[in-house]
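*Asks:* Have a look at the structure that comes next, please.
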Amino acid sequence: MTETETLSMLATALASGGVKVVDCTAVLGPNTPLLKLPPEFADDTPPIEIHAISRYGDRGPFWAWNWLKLGEHSGTHFDAPHHWITGKDYPDGATDTIDPQNFVAACNVIDCAAAASADSDFLLTKAGVIAWEAEHGPIKEGEWVLMRTDWDQYNTDAGKFLNADETGPHTPGPSVDCIEYLMEKKALGWGTQCIGTDAGMAGGMQPPYPAHNLLHKHNRYGLASLTNLDKLPAKGAILITAPLKIENGTGSPIRALALVPAA
């Protein structure tokens, strides 16, 4: 079968409903939960603002449009290598220089929902990934690895979504050896349903914030605040994750879409 025939079959499957499109994106607006930094660091991302320019009135009788104020890492978003100091020197590490071939790839979904429900500080380890591979098959080079925690059920409640107390935020994520293993596997990147790619307590790990530190050190990518991972199979979905082509962008909100078999 030729590549043209393969694309034609995909188009037919999409049109017939044989392949479904799953929206893995949270609504982006003034109530979107945003990351809170420790007070010793720079200001947090400002709240998202949506301002009307005109809406079928005196300022524009036939059209409606808005202007927006938002940070690159707001809502469901893509982390580019330039987001972290370890990836700052890659010439193709910004949202406008990444090869767009990397914005469409197969994904592996590791179900950690029960463990995360029982322990908000749950960490997916290398051993956990290897056990998942033994059941579902190997993670291949150039594929996404997504951690399903069902944390998106809280994304309309910033307090529950961030889940912070006097000791810091408590959200599930990867261990250091988990990300090290995925980099050995040459995964395309790592994604979560939480506010960021790292666990809430990742600042105390060595190295700190291993998902950010190690992914971007290897010129790989991160996805955060994903939704509806419960609607994706463990294997077999294609993920579309194109960021805005921001000049020298360190990241971007995205509309993350997964192509899945209807069956």
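In this text, residue positions in the sequence shown follow the numbering used here: the first is 205, and each later residue adds one.
Ideal Cβ placement from N, Cα and C applies to all residues, glycine included.
Closer than 8 Å by C-beta to G372: which residues in its own chain qualify, once you throw out the five before and the five after it? Chain order, please.
*Replies:* For the purposes of this step, residue 372 is identified with residue 168 of the sequence shown, where counting begins at 1. Hits under 8 Å: G404, M405, G407.
*Asks:* Using only the alpha-carbon positions, how far apart do V313 and W267 sit?
*Replies:* Taking the first residue of the sequence shown as 1, we reach residue 313 at position 109. Taking the first residue of the sequence shown as 1, we reach residue 267 at position 63. Between V313 and W267, the C-alpha separation is close to 41 Å.
*Asks:* State yes or no: is the beta carbon of G332 nearer than 8 Å to at least one beta carbon in chain D?
*Replies:* The structure shown contains no chain D, having only a single protein chain.
*Asks:* Whole angstroms is fine: what's the gap from N438's alpha carbon to H340's?
*Replies:* Residue 438 sits at position 234 when you count from the first residue of the sequence shown. Residue 340 sits at position 136 when you count from the first residue of the sequence shown. Here residue 438 is Ala; the residue named in the question, Asn, does not match the sequence. Near 7 Å, if we compare the C-alpha coordinates of H340 and A438.
*Asks:* I'd like the span of the beta strand (DSSP E) that includes H281, first residue to last.
*Replies:* Position 77 of the sequence shown, counted from the start, is the residue given in the question as residue 281. 281 to 283 is the span of the beta strand (DSSP E), which, as asked, contains H281.
*Asks:* From G440, N270, T208, K421, pick the residue whose C-alpha is nearest to that of D296; which is it?
*Replies:* Along the sequence shown, read from residue 1 onward, the residue named residue 296 stands at position 92. Comparing Cα-Cα distances from D296 to each of G440, N270, T208, K421, the minimum goes to K421.
*Asks:* Over the uninterrupted alpha helix (DSSP H) stretch that includes L430, give me the two end residues.
*Replies:* Start at 1 with the first residue of the sequence shown, and residue 430 comes out as number 226. That residue, L430, is in no alpha helix (DSSP H); it is neither H nor E in DSSP.
*Asks:* Skipping 5 residues on each side, what residues in its chain have a beta carbon closer than 8 Å to that of P411?
*Replies:* For the purposes of this step, residue 411 is taken as the residue at position 207 of the sequence shown. Closer than 8 Å at Cβ, skipping near neighbours: V380, N417, L418.
*Asks:* Measure the CB-CB distance between N432 and D356 and report whether it falls below 8 Å.
*Replies:* Taking the sequence shown and counting its residues from 1, the one referred to as residue 432 is at position 228. Taking the sequence shown and counting its residues from 1, the one referred to as residue 356 is at position 152. Contact flag set, yes.
*Asks:* Would the segment 325 to 342 and the segment 298 to 309 be scored as touching if the rule is three or more Cβ pairs under 8 Å?
*Replies:* Too few Cβ pairs lie closer than 8 Å, so no.
*Asks:* In the DSSP assignment, find the alpha helix (DSSP H) that holds N312 and state where it starts and stops.
*Replies:* Taking the first residue of the sequence shown as 1, we reach residue 312 at position 108. It is not in any alpha helix (DSSP H) - N312 instead sits in the beta strand (DSSP E) that spans 308 to 315.
*Asks:* With the cut-off set at 8 Å, would you say P414 and V223 are in Cβ contact?
*Replies:* For the purposes of this step, residue 414 is identified with residue 210 of the sequence shown, where counting begins at 1. For the purposes of this step, residue 223 is identified with residue 19 of the sequence shown, where counting begins at 1. No, the pair does not count as a contact, with Cβ atoms beyond the cut-off.
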